[in-house]
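Mapping of the sequence shown onto my numbering: residues 109 to 263, in sequence order.
By construction, the Cβ of each residue, glycine as well, lies at the ideal position given by its N, Cα and C atoms.
Keep in mind that this is a model prediction, so the values were computed, not measured.
Notes for the one structure printed next.
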Amino acid sequence: MARIIQKTEEGGLDRIRPIRTSPRTKGGAITKAATEVGAIVGAKYLVAFTQSGDSARRMSRLRSPIPILAMTPEVGTYNRLSLSWGVESMLTPIVGATDEMVKLVDTVLIDSARADIGDNVMIVAGSPPGIPGSTNAMRVHRVGDAVGGAAPAYR
Numbered sequence: 109m110a111r112i113i114q115k116t117e118e119g120g121l122d123r124i125r126p127i128r129t130s131p132r133t134k135g136g137a138i139t140k141a142a143t144e145v146g147a148i149v150g151a152k153y154l155v156a157f158t159q160s161g162d163s164a165r166r167m168s169r170l171r172s173p174i175p176i177l178a179m180t181p182e183v184g185t186y187n188r189l190s191l192s193w194g195v196e197s198m199l200t201p202i203v204g205a206t207d208e209m210v211k212l213v214d215t216v217l218i219d220s221a222r223a224d225i226g227d228n229v230m231i232v233a234g235s236p237p238g239i240p241g242s243t244n245a246m247r248v249h250r251v252g253d254a255v256g257g258a259a260p261a262y263r
């Protein structure tokens with residue numbers, strides 16, 4: 109039985125056909141672009157700040173080999189995302205600005221030893237935060253810059 113499971117799991121991502129449809133919404137375009145840019149810059153994680161879970165589910169459908177972290181203040185969204193492929197959801201406090209989001213990413217990734225200072229991550233979010241369906245931003249972020257005050261916005 110173990111041999112069958114091992115053989116089945118070998119190269120599992122290689123057997124999944126890529127989605128060939130083009131995004132038809134702004135949120136779809138941003139999440140697809142984030143997965144592609146994440147692969148190019150060697151991102152350690154794709155991070156989605158999400159109220160409804162839609163951004164994380166869109167990235168999940170693309171079957172990126174990069175792990176997806178979905179940060180949400182909504183318990184229902186947190187629970188539903190446990191059914192999405194490749195998504196690990198986290199309950200987080202509500203944030204009021206995008207700079208707070210980035211600081212939260214740094215804090216979570218560094219404190220949990222998921223990432224090292226200097227690693228790249230892709231962040232997808234809506235701005236202003238907290239409005240479901242408002243995904244309109246993606247950012248390549250270097251872990252540690254926000255908590256270390258590397259840019260004037262973080263000081």
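Same chain, Cβ closer than 6 Å to residue i, neighbours up to 5 away in sequence not counted
{"i": "G135", "result": "T243"}
{"i": "G161", "result": "T185, R188, L189"}
{"i": "T206", "result": "S235"}
Residue range of the unbroken alpha helix (DSSP H) whose run includes residue i
{"i": "M209", "result": "206-219"}
{"i": "G135", "result": "134-149"}
{"i": "R165", "result": "162-169"}
Residues near residue i in its chain [Cβ-Cβ closer than 8 Å; skip 5 each side]
{"i": "A137", "result": "P131"}
{"i": "V251", "result": "K152, V213, D214, L217, I218, A223, D224, I225, G226, D227, N228, V229"}
{"i": "R165", "result": "L189, S192, V195"}
{"i": "L154", "result": "A142, T143, G146, M167, S172, I174, P175, I176, L177, V229, M230, V232"}
Delimiting residues of the beta strand (DSSP E) encompassing residue i
{"i": "E182", "result": "Looking at the DSSP string, E182 is not in any beta strand (DSSP E), and its letter there is neither H nor E."}
{"i": "A254", "result": "Counting along the chain, A254 falls outside any beta strand (DSSP E), though it belongs to the alpha helix (DSSP H) covering 253-256."}
{"i": "A233", "result": "228-234"}
{"i": "T197", "result": "Rather than Thr, the amino acid found at residue 197 in this sequence is Ser. That run of the beta strand (DSSP E) goes 195-199."}
{"i": "T158", "result": "Element bounds for T158: n/a, residue is neither H nor E."}
{"i": "M246", "result": "243-250"}
Cβ-Cβ distance between residue i and residue j below 7 Å
{"i": "V210", "j": "A254", "result": "yes"}
{"i": "M167", "j": "M198", "result": "no"}
{"i": "T143", "j": "S163", "result": "no"}
{"i": "G150", "j": "I174", "result": "no"}
Spatial distance of residue i from residue j (CA atoms)
{"i": "P201", "j": "T158", "result": "12 Å"}
{"i": "T139", "j": "E208", "result": "20 Å"}
{"i": "T185", "j": "V248", "result": "24 Å"}
{"i": "G204", "j": "I239", "result": "11 Å"}
{"i": "P236", "j": "A245", "result": "10 Å"}
{"i": "L177", "j": "A221", "result": "14 Å"}
{"i": "I148", "j": "L170", "result": "15 Å"}
{"i": "P181", "j": "R111", "result": "41 Å"}
{"i": "I231", "j": "V183", "result": "21 Å"}
{"i": "A233", "j": "M109", "result": "43 Å"}
The ligand NAP heavy atom lying under 6 Å from the CB of residue i
{"i": "G204", "result": "Absence of the ligand NAP from the depicted structure is noted, as is the absence of any ligand whatsoever, leaving it without description."}
Residues near residue i in its chain [Cβ-Cβ closer than 7 Å; skip 5 each side]
{"i": "A141", "result": "M246"}
{"i": "T133", "result": "none"}
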